[in-house]
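Quick note on this note's numbering: the sequence shown kicks off at 6 and runs consecutively.
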Amino acid sequence: MSEGAAKKEERRKFQAIKGTRDILPPETALWNRVEQTAHEVFATFGFGEIRLPIIEETELFARAVGGETDIVSKEMYGFPKKLEILRRATTDQIDRVDHPSKIHMFAQSLAILVLNLEQALNSSAIPTTESNRHVIEQLKKISEQTIVLWRSLSWEPSREWTEHFETARKLIKNLQIERLEESSSLRPEATAGICRAYIENNMQQLPQPVKLYCIGPMFRRERPQKGRYRQFYQIDAEVLEAVRKEVASGEWRVASKELAKDAAVDAEVIEMVMTLFDKLELQGVQLAINSIGDRNCRPKYVELLRAELSKTNPLRVLDSKLESEQKIIEKLPRIGDHLCEDCAAHYAAVKRELDLRGVKYHENWRLVRGLDYYMRTTFEITAKGLGSQNAVCGGGRYDGLMELLGGPPTKGIGFAIGEDRLILSLLETGHSPLATRHSPLLYIAWMGEKAYATAIRAAKNLRNAGFPVELPPVEQKFGKALGQADKLGARFALILGDNEVSSGEWTLKTLADGSQAKFTEPDLLEHLKKQL
Ligand code: HAM
6 MSEGAAKKEE RRKFQAIKGT RDILPPETAL WNRVEQTAHE VFATFGFGEI RLPIIEETEL
66 FARAVGGETD IVSKEMYGFP KKLEILRRAT TDQIDRVDHP SKIHMFAQSL AILVLNLEQA
126 LNSSAIPTTE SNRHVIEQLK KISEQTIVLW RSLSWEPSRE WTEHFETARK LIKNLQIERL
186 EESSSLRPEA TAGICRAYIE NNMQQLPQPV KLYCIGPMFR RERPQKGRYR QFYQIDAEVL
246 EAVRKEVASG EWRVASKELA KDAAVDAEVI EMVMTLFDKL ELQGVQLAIN SIGDRNCRPK
306 YVELLRAELS KTNPLRVLDS KLESEQKIIE KLPRIGDHLC EDCAAHYAAV KRELDLRGVK
366 YHENWRLVRG LDYYMRTTFE ITAKGLGSQN AVCGGGRYDG LMELLGGPPT KGIGFAIGED
426 RLILSLLETG HSPLATRHSP LLYIAWMGEK AYATAIRAAK NLRNAGFPVE LPPVEQKFGK
486 ALGQADKLGA RFALILGDNE VSSGEWTLKT LADGSQAKFT EPDLLEHLKK QL
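Following this line, the structure appears as structure tokens:
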């Protein structure tokens, strides 16, 4: 780097990383109000808050959300373990060996990888299986051959050595070390973590169902745009219910009762999020629902779609917004016409249950969602003022996911609200964050040493009584103090000078009309209480 460039770099201002942002006051007050309302509404439905780690094993998300989904295959922020980093470094090095002079880099990198693998094996960091041992042996041999090659100064590219590199490259790229890739990732969503926590904390032993919610940041490396960020916030809620043996075995006697119960739970969860949106006065709320069947009927439907489309992932096509594809999509078979008996009964019951609760919805047979764990109910809620990223909430049922993660047979249904979009919609439809701004109620205009001590005591007592108070840390002329009080939006100024301190009668000025009145300290508290 040139000296000039280095200087420029030194003076560079830091900026938030692409797709992340600061959320500032007064907007944060709106965020708090939204979260507070969620706490209150969810409590009335019997939900308890769970706080989860932001980082989990990558494999958890791969298994739950699906290894082939965009979220897992393209958008996760991962931290591979040291061995994986070494493997990647070695692969990079071998790709660069296009000349004898570069062989030492690869030889060194490979030797380090082998050394670390051996250490990991000896300390049981990776399992001491036959196949792990075998792979490490092979790598070691290649490593030794490479070192010999490096030392033989007379090396000229030859067929023999081209083959050597080909073998090495293949071996390292396909290195199948069990549990080598156990890495961690920032969570792209909360459902997988909640299921992991349910299993790990034996929540199947609690009274069922277990109702949990979680508020916090999620991370996806998506292309940022309005309403789409790389760090975004979700308000996520889940109902989890470990099922009894006769339910797990699909006994026919219990089946219809279970379907009716599940439908009621689905509808209640949807009712809960709609209640929250209602309380928040979210505008233009539209609920779309669908059933995507279960492992009985969905594979057959997917086959049918595949036959129509002869593409690899036909379900995602339904999501297409491309104008040119709409005509084709309209003519495709619809899942609703291909649901099995149970799924059809369940879906009909969900709609009945929503009607009973007065929840308005429309059906959208193309609502398939981008995560693999869903079955039967899926739903999405859109709101006003959001442009193309208008889904403020998405959710659905995911019976069977828990077993995929090593847990007991468990049913699950839940949703996640995109909090950023919820706030954006509230702001765009006229919910001023200023309405929730924390202006001081009272500004203390003090002058003189003695008055300062009284002002500190007064501020403490008033704050303890719950009044927002601004206490300037330095003396100000009264005129300046009143100007400042006005700027901050205070309703009152408490004037404390020598006279007030010695008489014990404090002057309260109402800033809107300039009127003044005198109060003793206890009377002032009473007066302010009446003003609120
Ligand atoms: P999701 O549809 O991937 O579902 O996300 C839910 C909501 O999070 C979306 O509707 C959207 O409002 C918000 N969201 C997603 N990605 C972004 C982003 N990059 N920027 C801003 N907001 C975003 C899930 O995450 C499931 N875990 C929901 C669920 C819970 N299903 C069952 N339980």
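All C-beta atoms in this analysis are idealised placements derived from N, C-alpha and C, irrespective of residue type, glycine included. It should be emphasised that the depicted structure is a prediction, and the values quoted were computed from it without experimental measurement.
Is it buried or exposed, residue i, if we count other Cβ atoms within 10 angstroms and call 16 or more buried?
i      : result
His351 : buried
Ala11  : exposed
Asp267 : buried
Val479 : exposed
Asp518 : exposed
Leu310 : buried
Glu168 : exposed
Glu61  : buried
Leu499 : buried
Phe237 : buried
Gln124 : exposed
Ser129 : exposed
Glu368 : exposed
Asp283 : exposed
Val153 : exposed
Given the structure, does residue i come close to the ligand HAM, in the sense that its CB is under 7 Å from one of the ligand's heavy atoms?
i      : result
Phe237 : yes
Arg374 : yes
Arg201 : no
Arg56  : no
Asp425 : yes
Tyr448 : no
Phe420 : yes
Arg311 : no
Ser397 : Residue 397 is actually Val in this sequence, not Ser. Flag set: Cβ of Val397 near the ligand HAM.
Gly400 : yes
Glu243 : yes
Gly232 : yes
Glu194 : yes
Tyr403 : yes
Would you mind stating whether residue i and residue j have Cβ atoms separated by less than 8 Å?
i      : j      : result
Ile297 : Arg303 : yes
Val215 : Tyr203 : yes
Gln209 : Ala247 : yes
Leu446 : Phe483 : no
Arg119 : Ile141 : The sequence shown places Val at residue 119, not Arg. Going by C-beta atoms, Val119 is nearer than 8 Å to Ile141.
Val397 : Ala272 : no
Glu531 : Trp511 : no
Pro193 : Ile59  : no
Leu431 : Leu287 : yes
Val39  : Glu346 : no
Asp377 : Gly71  : yes
Met279 : Val364 : yes
Tyr457 : Ala495 : no
Leu281 : Ala43  : yes
Arg374 : Thr383 : yes
Ile199 : Ile55  : yes
Leu57  : Cys219 : yes
So residue i is in the alpha helix (DSSP H); what residue range does that whole segment cover?
i      : result
Leu361 : Glu346 to Leu361
Gln210 : Where Gln210 is concerned, there is no enclosing alpha helix (DSSP H), given that its DSSP letter is neither H nor E.
Asp491 : Phe483 to Lys492
Met81  : Careful: Met81 lies outside any alpha helix (DSSP H) and carries neither H nor E.
Trp166 : Arg164 to Lys178
Tyr306 : Arg303 to Leu314
Trp155 : Glu135 to Arg156
Considering residue i, what are the terminal residues of the beta strand (DSSP E) in which it resides?
i      : result
Tyr457 : Counting along the chain, Tyr457 falls outside any beta strand (DSSP E), though it belongs to the alpha helix (DSSP H) covering Glu454 to Asn469.
Thr42  : No beta strand (DSSP E) holds Thr42; the alpha helix (DSSP H) holding it covers Glu32 to Thr49.
Leu323 : No beta strand (DSSP E) holds Leu323; DSSP gives it neither H nor E.
Gln239 : Gln236 to Ala247
Val397 : Ala396 to Arg402
Ile386 : Met380 to Thr387
Ser189 : Ser189 to Leu191
Glu62  : Ile60 to Glu62
Cβ of residue i versus every heavy atom of the ligand GDP: is any distance shorter than 7 Å?
i      : result
Arg225 : The model on display carries the ligand HAM but not the ligand GDP.
Does any C-beta atom of chain C lie closer than 8 Å to the C-beta of residue i?
i      : result
Glu227 : Going by chain labels, chain C is absent from the structure shown, which holds only one protein chain.
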